[in-house]
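Residue numbers (numbering that gives the first Met the number 0): 0 to 94.
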Amino acid sequence: MYKLIVKNGPDEGRQYKLEAGQLYDVGRGSNTTIRVRDSYISRVHARINVEEDEAMIHDWGSSSGLFVNDEQIDEAELKDGDVIRMGNTEITVAC
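Here is the structure:
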């Protein structure tokens, strides 16, 4: 199982458990699966696809970019200890 832990900002300390076989939309929009309160994040900033043995994150057409471990990405496999950055928000991956 994967878990996301918000490291800073208004949602600091908030945790999200990610289940295999699910898609998660991440952004500031009210219709996202994981809502992050950061005005520098797009309404739907990223999508996470979770399978039994991996989780992939995809930039979903964000205006400010998506970063994993300080590298801008279009998509990346998430691993334990990775740091996702969207806007001014950093989120740690635990698995």
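Glycine included, every Cβ here is placed at the ideal spot set by N, Cα and C.
Cut-off 6 Å between Cβ atoms - residues of its own chain near residue i, not counting five sequence neighbours on either side
i: V5; result: E11, R13 and I90
i: G106; result: Examination of residue 106 is not possible in this model, given that the chain is present from 0 through 94 alone.
i: R114; result: Since the first residue shown for the chain is 0 and the last is 94, residue 114 is missing from the structure and cannot be characterised.
Beta-ladder partner(s) of residue i, from DSSP
i: V82; result: T91
i: R46; result: D24 and H57
i: A75; result: I56
Check whether residue i and residue j have beta carbons under 8 Å apart
i: V67; j: G80; result: no
Cβ neighbour criterion (16 or more within 10 Å) applied to residue i
i: G20; result: exposed
i: G60; result: exposed
i: M0; result: exposed
i: M55; result: exposed
i: L65; result: buried
Residues near residue i in its chain [Cβ-Cβ closer than 8 Å; skip 5 each side]
i: K2; result: Q14, Y15, K16, L17, V92, A93 and C94
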